[in-house]
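Numbering follows our numbering, in which position 197 of the sequence shown is assigned residue number 401; successive positions increment by one, without gaps.
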Amino acid sequence: MHSRPAQPAVESYLKINFKVIVHSSYKTEDYYWGVEPNAACFQVLQFMPPVRRLKLLDLGCGEGKDAVFFARNGYEVTALDVSDAGLRKTQQLADKAGVQIHIVKADILDYRLDTYYDVVFSSGVLHYIKPEHRSDIFDNYKRFTRPNGIHVLNVFVDKPFIAPPPEKEPYAFPWHSGELLTHYRDWRIQDSAEIIFDCCSSGIPHRHAMTTLVAQKVSPSSLAAAADSLQK
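Right, here's the structure in full:
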């Protein structure tokens, strides 16, 4: 009878527990995810090269390897994460590379954009957003993206034939195949794929499935013109 009123306390516990897991992974001197950029970083260079000063937001920057890569390539980077240890290592990596990064400590579950970006980038983080909150959060991300700006996103997807990863993440909610695309019906899809790959991030070999997406914010008239050209 009293399980519903107790739910916020349970969610708070899980949220705190998740943060403890993240912090403990980043507290070592080693970089848990390495220092080489994610393959998705090169999609940003491909679809929106920094021919002018572009503002880029890295949502869930972890230890900063991707954020530093973008800064080295000329983007004006804001790197956001909930982990003090991860942000400290991000700053260290930026200092070593001699680049400037605007670092923001925030929880992706609570954070909302209030400034415009040309690029919104996120890899392996958005599964921490509960499904019922995704529409609201993605509407915010899309609203504060400049015209012709892009989102380059990777999300973990649930596959019945792939075992759960060895890392215990009680506050993670994997996406479903095709779900990410439903948030971008009014954008131009530049690239999308579903991939399965091997991983050894925890020292235990395992596999993940991911949806990758590159979507561009365009005017409704541009989308209509593109649809007309396909029908001819």
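Even for Gly, the Cβ is constructed at its ideal location relative to N, Cα and C.
This one's a predicted model, so the numbers in the text were calculated from it and none came from an experiment.
If you check the beta carbons only, do residue i and residue j fall under 8 Å apart?
{"i": "Tyr320", "j": "Phe342", "result": "no"}
{"i": "Gly264", "j": "Leu284", "result": "yes"}
{"i": "Phe246", "j": "Ile354", "result": "no"}
{"i": "Ala359", "j": "Thr282", "result": "As written in the sequence, residue 359 is Val, which differs from the Ala given in the question. In this structure, Thr282 does not lie closer than 8 Å to Val359 by Cβ."}
{"i": "Tyr345", "j": "Leu317", "result": "yes"}
{"i": "Ser381", "j": "Val361", "result": "yes"}
{"i": "Phe325", "j": "Val248", "result": "yes"}
{"i": "Lys259", "j": "Val286", "result": "no"}
{"i": "Gln296", "j": "Ile307", "result": "no"}
{"i": "Asp322", "j": "Arg350", "result": "yes"}
{"i": "Asp262", "j": "Phe274", "result": "yes"}
{"i": "Ala376", "j": "Glu398", "result": "no"}
Using the three-state DSSP reduction, which class does residue i fall into: helix, strand or coil?
{"i": "Phe443", "result": "Here the chain comprises residues numbered 205 to 436, so residue 443 is not present and cannot be evaluated."}
{"i": "Ser207", "result": "The predicted position of Ser207 is uncertain, since its pLDDT is 33 and thus under 50; a value taken from the coordinates is nonetheless stated next. Residue state, collapsed to three classes: helix."}
{"i": "Ala360", "result": "A quick correction: the sequence has Phe, not Ala, at residue 360. In this structure, Phe360 counts as strand in the three-state DSSP scheme."}
{"i": "Ile341", "result": "helix"}
{"i": "Glu280", "result": "strand"}
{"i": "Ala243", "result": "coil"}
{"i": "Leu258", "result": "coil"}
{"i": "Val286", "result": "coil"}
{"i": "Arg389", "result": "coil"}
{"i": "Val272", "result": "helix"}
{"i": "Ala413", "result": "strand"}
{"i": "Tyr235", "result": "For Tyr235, the predicted structure reports a pLDDT of 49, less than 50, and the residue's modelled location is therefore unreliable. A value from the coordinates is still provided. It is coil, neither helix nor strand."}
{"i": "Glu336", "result": "helix"}
{"i": "Gln304", "result": "coil"}
{"i": "Ala419", "result": "strand"}
{"i": "Ala397", "result": "strand"}
{"i": "Leu218", "result": "Only weak support is given to the placement of Leu218: the predicted model assigns it a pLDDT of 36, under 50, and the question is left unresolved by the model."}
{"i": "Ile225", "result": "In this prediction, Ile225 scores a pLDDT of 47, lower than 50, which makes its location untrustworthy; the coordinate-derived value is nonetheless stated afterwards. Three-state result, Ile225: helix."}
{"i": "Pro424", "result": "helix"}
For residue i, which beta-bridge partners are listed by DSSP?
{"i": "Met252", "result": "Beta-bridge pairing links Met252 to no other residue."}
{"i": "Tyr321", "result": "Thr349"}
{"i": "Ile312", "result": "Looking at the DSSP assignment, Ile312 forms no beta bridge with any residue, so it has no partner."}
{"i": "Leu263", "result": "Leu284"}
{"i": "Ser327", "result": "Asn358"}
Indicate whether the contact test is met: 3 or more Cβ pairs, each with one atom in the stretch 413–425 and one in the stretch 384–394, closer than 8 Å. yes
Is the stretch 269–277 touching the stretch 239–246, taking contact as three or more C-beta pairs under 8 Å? yes
Would you call the stretch 325–343 in contact with the stretch 293–308, where contact means no fewer than 3 C-beta pairs closer than 8 Å? no
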